[in-house]
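Just below is one structure, and these are the notes that go with it.
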Amino acid sequence: DQQVKQNSPSLSVQEGRISILNCDYTNSMFDYFLWYKKYPAEGPTFLISISSIKDKNEDGRFTVFLNKSAKHLSLHIVPSQPGDSAVYFCAASDLGNYGQNFVFGPGTRLSVLP
Amino acid sequence: DTAVSQTPKYLVTQMGNDKSIKCEQNLGHDTMYWYKQDSKKFLKIMFSYNNKELIINETVPNRFSPKSPDKAHLNLHINSLELGDSAVYFCASSEVRGGAKDRGSEQYFGPGTRLTVT
């Protein structure tokens, strides 16, 4: 029973265009969401996060949007660069739980074509 | 200067053996985690320790035992290894900021240990 879903296993985008990665969650207790990027043979690295009191957070080329009513978030990368090619994981947690039990989605492999 | 390090990076062993994976973080974080990434690439939390105290223990066979000698280290010991234990194991750490809605914290991951049980 996946609490965090990323329904697109892969995505290909042309360099310079926008990449949109989607994530859906089922647990209404989740109130903090993160995106991680992972290159082969490396651990995931933190990209950007958003808490449930916001609906948008921006950091350079990366913007995360949160739609709480739809239990949906998305990561926008503009403009996409070849170095962005990686697997992107969406994660969610409940801030009320001090152990911060992060639940990860299955990941979306992004390929940015030159 | 690696923030979260794991040793070994690769581990090949036979069924029935006992092995350990070590993890160290130099970020001064209070919380450390172990994750398993299985063949389907799902990242699932196994354990979480806060200041050497077990906080989260997901449904993991009791052959897996985490040990935290201090808050900078969280080692994973696995007894009687089985074929299904083959996976990549990631250690991670984070600060504790929980409570306020805008004060969540991100995790910093180690490079992973690829365990192959033959």
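So the protein lines, in turn, are chains Z and X.
Heads up: the first sequence at position 30 corresponds to 174 in this note's numbering, and the numbers run straight through without jumps.
Heads up: the second sequence at position 45 corresponds to 51 in this note's numbering, and the numbers run straight through without jumps.
No residue lacks a Cβ here, since even glycine has one placed at the ideal position from N, Cα and C.
Keep in mind it's a predicted model, so treat the numbers as computed, not measured.
Secondary structure at Z:Pro258: coil, using DSSP grouped into helix, strand and coil.
When the beta-carbon positions are compared, Z:Val231 and Z:Lys182 come within less than 8 Å of each other.
Taking a 10 Å sphere around the C-beta of X:Lys42, we find 16 or more other C-beta atoms and assign the residue as buried.
For Z:Thr207, the enclosing beta strand (DSSP E) covers residues 206–211. With a 10 Å radius around the Cβ and a threshold of 16 neighbouring Cβ atoms, X:Thr8 comes out exposed. Per DSSP, the continuous beta strand (DSSP E) segment holding Z:Ala235 begins and ends at 230–237.
In the structure shown, X:Pro75 falls within a strand segment according to DSSP collapsed to helix, strand and coil.
Contact between Z:Asp175 and Z:Ser154 does not hold, since the beta-carbon distance rounds to 29 Å and is not under 8 Å. Shown here for X:Tyr114: same chain residues with a beta carbon closer than 8 Å to its own, the five before and five after excluded, namely Ala9, Val10, Gln31, Leu33, His35, Ala98, Ser99, Ser100 in chain order.
By the rule that beta-carbons nearer than 8 Å mark a contact, X:Glu112 touches chain Z.
One Cα belongs to Z:Val157, the other to Z:Ser163, and the distance between them is close to 6 Å. Close to X:Phe96, with beta-carbon spacing below 9 Å, are these residues of chain Z in chain order: Gly187, Pro188. X:Asp91 carries a helical assignment under DSSP once its states are collapsed to helix, strand and coil. Between Z:Asn151 and the set Z:Arg161, Z:Phe233, Z:His220, Z:Ser229, the nearest pair of CA atoms involves Z:Phe233. Per DSSP, the beta bridge partners of X:Ala98 are X:Tyr39, X:Phe115.
For Z:Ile197, there is no enclosing beta strand (DSSP E), as DSSP marks it with neither H nor E. Contacts with chain Z at 8 Å (Cβ-Cβ) do not include X:Phe70. Interface with chain X (8 Å Cβ-Cβ cutoff): Z:Pro250 is included. Within chain Z, the residues Asn245, Phe246 have their CB atoms less than 7 Å from the CB of X:Ile51, given in chain order.
Taking C-beta atoms as the reference points, X:Lys47 and Z:Pro188 fail to come closer than 8 Å. Looking from the CA of X:Glu88, the closest CA among X:Asn68, X:Pro75, X:Ser74, X:Asn81 belongs to X:Asn68.
Contact check for Z:Tyr180 and Z:Leu191: beta-carbon distance about 6 Å, within the 8 Å limit, so the pair qualifies.
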